[in-house]
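Residue numbers (the UniProt record's numbering): 1 to 403.
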């Protein structure tokens with residue numbers, strides 16, 4: 001009984017500390033927001049937002065981290081390559097995945113990265129031609145949920161360690177029902193009943209929000225029953241925020257706010273696309289690569305729009321508040337940017353690579369062993385043939401499908 005009471009009091013103290021910290025951050029965000037010009041606010045709403053020297057607002061660098069860190073701005077270094085998510089799920093050991101993600105977070109911080117576009121919580125239960133199977137933890141909502149929570153807790157940390165100097169913000173994607181795309185087309189259309197949504201595709205995101213406290217969510221490329229996810233207020237507001245209680249920020253998938261005009265043909269122009277995304281609750285416009293010139297949350301686009309319709313300022317203030325809150329939680333206002341050098345980049349890499357091998361070994365599932373093929377008898381094998389485009393790749397660069 002005494003142990004139980006002490007545990008309750010400890011939890012209460014921890015919760016009070018968290019509530020106090022959140023209240024302090026809320027005050028700081030409100031004070032900072034009141035000093036920002038419209039241009040400065042809009043500048044925060046892109047993934048490449050530069051540091052604001054006038055107000056001391058730091059950069060929040062991004063990276064991809066589905067199975068190790070890659071796509072880090074212009075840097076492609078010798079970060080650790082772990083098995084892809086579908087292999088990680090085959091281990092049936094969430095603790096392994098949590099450790100992998102915590103190692104990835106350390107490598108991210110060493111490179112100054114504090115926001116990662118991972119994990120992929122899509123349940124592979126739709127069209128068999130879905131082209132991103134390797135990023136998924138499989139076809140079972142429960143398994144995807146367990147692996148997803150483990151990954152997020154490893155990447156973000158838990159308790160008092162959440163978002164500290166050894167952890168980063170995770171992004172749960174792609175909200176929601178992305179593998180349901182007809183004919184397996186990336187960014188196509190997904191039609192389904194609400195029951196299928198709630199039984200199959202929603203559980204991993206619910207677990208990510210309620211159990212792991214994920215800091216960021218990314219909508220799917222596709223439309224959902226005729227309404228693109230990036231302008232779908234029922235999904236992004238009614239379900240994600242009001243029902244699940246998500247309080248982080250929402251980042252678009254690459255150029256998907258712009259695609260409300262160019263792919264879904266709902267918006268007449270970039271301005272209308274920006275308004276639709278903004279009102280639906282997309283806080284940050286992710287536009288990289290060849291699509292940079294098509295950015296919708298560009299200062300000129302939103303500034304001119306707000307001049308014509310001042311009521312949009314409240315949506316911008318909400319979006320910027322969420323982004324600034326994330327930066328405060330990460331401690332970016334209190335620390336100087338890390339100096340990136342050979343020593344910091346390679347710290348712990350050998351240990352991480354050994355662990356990657358352990359995961360790979362545990363991910364192997366043998367269905368049959370005809371004629372006692374395994375274990376291999378090297379003395380009886382005269383010729384070895386290894387096939388695969390990425391067999392010789394020692395780093396990830398732009399090849400996310402390594403093994």
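Every residue, glycine too, gets a C-beta built ideally from N, C-alpha and C.
Remember, it's a predicted structure, so these values are computed and weren't measured experimentally.
My assumption, with CB atoms under 8 Å, is that residue i sits in contact with residue j. Please give the rounded CB distance.
i: residue 123; j: residue 139; result: 6 Å
i: residue 277; j: residue 352; result: At roughly 37 Å, the Cβ-Cβ gap does not stay under 8 Å, so residue 277 and residue 352 are not in contact.
i: residue 205; j: residue 111; result: Going by Cβ atoms, the distance from residue 205 to residue 111 rounds to 28 Å, so no, they are not a contact pair.
i: residue 219; j: residue 236; result: 7 Å
i: residue 250; j: residue 289; result: Not quite, the Cβ-Cβ distance comes to about 21 Å (not below 8 Å), so this is no contact.
Compare the Cα-Cα distances from residue i to each of the options and report the closest residue.
i: residue 187; options: 264, 309, 322 and 247; result: 264
i: residue 404; options: 275, 213 and 193; result: In the structure as shown, the chain begins at 1 and stops at 403. Residue 404 is therefore absent and cannot be evaluated.
i: residue 143; options: 177, 97 and 315; result: 97
i: residue 248; options: 38, 89, 330 and 85; result: 330
i: residue 61; options: 244, 104, 387 and 327; result: 327
i: residue 200; options: 177, 208, 253 and 209; result: 177
i: residue 299; options: 370, 270, 276 and 119; result: 270
i: residue 164; options: 202, 130 and 109; result: 109
i: residue 95; options: 184, 219, 312 and 149; result: 149
i: residue 89; options: 102, 126, 136 and 45; result: 136
i: residue 67; options: 103, 45, 49 and 32; result: 103
i: residue 173; options: 209, 349 and 191; result: 209
i: residue 363; options: 84, 49, 302 and 235; result: 84
i: residue 41; options: 198, 262, 319 and 93; result: 319
i: residue 317; options: 16, 36 and 22; result: 36
i: residue 59; options: 371, 332, 379 and 372; result: 332
i: residue 279; options: 113, 304 and 311; result: 311
i: residue 338; options: 113, 289 and 118; result: 113
i: residue 39; options: 281, 378, 301 and 119; result: 301
i: residue 45; options: 274, 383, 367 and 379; result: 274
i: residue 119; options: 101, 125 and 57; result: 101
i: residue 99; options: 158, 259, 250 and 379; result: 158
i: residue 63; options: 105, 131 and 18; result: 105
i: residue 57; options: 259, 334 and 93; result: 334
i: residue 361; options: 368, 93 and 185; result: 93
Given this structure, state the Cα-to-Cα distance separating residue i from residue j, to the nearest angstrom.
i: residue 354; j: residue 80; result: 10 Å
i: residue 87; j: residue 161; result: 28 Å
i: residue 211; j: residue 325; result: 20 Å
i: residue 115; j: residue 47; result: 9 Å
i: residue 189; j: residue 133; result: 17 Å
i: residue 91; j: residue 359; result: 7 Å
i: residue 243; j: residue 252; result: 20 Å
i: residue 266; j: residue 283; result: 20 Å
i: residue 336; j: residue 166; result: 14 Å
i: residue 73; j: residue 376; result: Note on residue 73: pLDDT 48, under 50, position unreliable in the model; the coordinate value appears next. Approximately 43 Å between the Cα atoms of the pair.
i: residue 145; j: residue 65; result: 18 Å
i: residue 370; j: residue 388; result: 24 Å
i: residue 340; j: residue 234; result: 42 Å
i: residue 30; j: residue 55; result: 13 Å
i: residue 51; j: residue 117; result: 20 Å
i: residue 413; j: residue 28; result: Outside the shown range of the chain, which is 1 to 403, sits residue 413, and nothing can be said about it.
i: residue 238; j: residue 125; result: 24 Å
i: residue 297; j: residue 207; result: 30 Å
i: residue 315; j: residue 306; result: 10 Å
i: residue 285; j: residue 257; result: 7 Å
i: residue 147; j: residue 23; result: 31 Å
i: residue 70; j: residue 373; result: 37 Å
Counting C-beta neighbours from all protein chains within 10 Å, is the total for residue i 16 or more, i.e. buried, or is it exposed?
i: residue 20; result: exposed
i: residue 322; result: buried
i: residue 155; result: buried
i: residue 215; result: buried
i: residue 385; result: exposed
i: residue 308; result: exposed
i: residue 152; result: buried
i: residue 223; result: buried
i: residue 193; result: exposed
i: residue 381; result: exposed
i: residue 313; result: exposed
i: residue 180; result: buried
i: residue 232; result: buried
i: residue 378; result: exposed
i: residue 32; result: buried
Tell me which same chain residues have a C-beta within less than 7 Å of the C-beta of residue i, skipping the five on either side of it?
i: residue 240; result: 175, 217 and 246
i: residue 405; result: Because the chain is modelled from 1 through 403, residue 405 falls outside the range shown and cannot be assessed.
i: residue 365; result: 90
i: residue 349; result: 78 and 80
Kindly list the residues whose CB is nearer than 6 Å to the CB of residue i, restricted to its own chain and excluding five residues on each side of it in sequence; keep chain order.
i: residue 356; result: 80 and 82
i: residue 141; result: 123, 200 and 203
i: residue 191; result: 225
i: residue 49; result: 43
Which residues in the same chain as residue i place their Cβ atom closer than 8 Å to its Cβ, once the five residues preceding and following it in sequence are excluded?
i: residue 183; result: 127 and 129
i: residue 268; result: 261
i: residue 406; result: Past the boundaries of the shown model lies residue 406; the chain is included only from 1 to 403, so the question cannot be answered.
i: residue 228; result: 222, 256, 259, 260, 264 and 266
Consider the C-beta atom of residue i and the heavy atoms of the ligand SAH; say whether any pair is separated by less than 7 Å.
i: residue 389; result: The ligand SAH is absent from the structure shown, which contains no ligand whatsoever.
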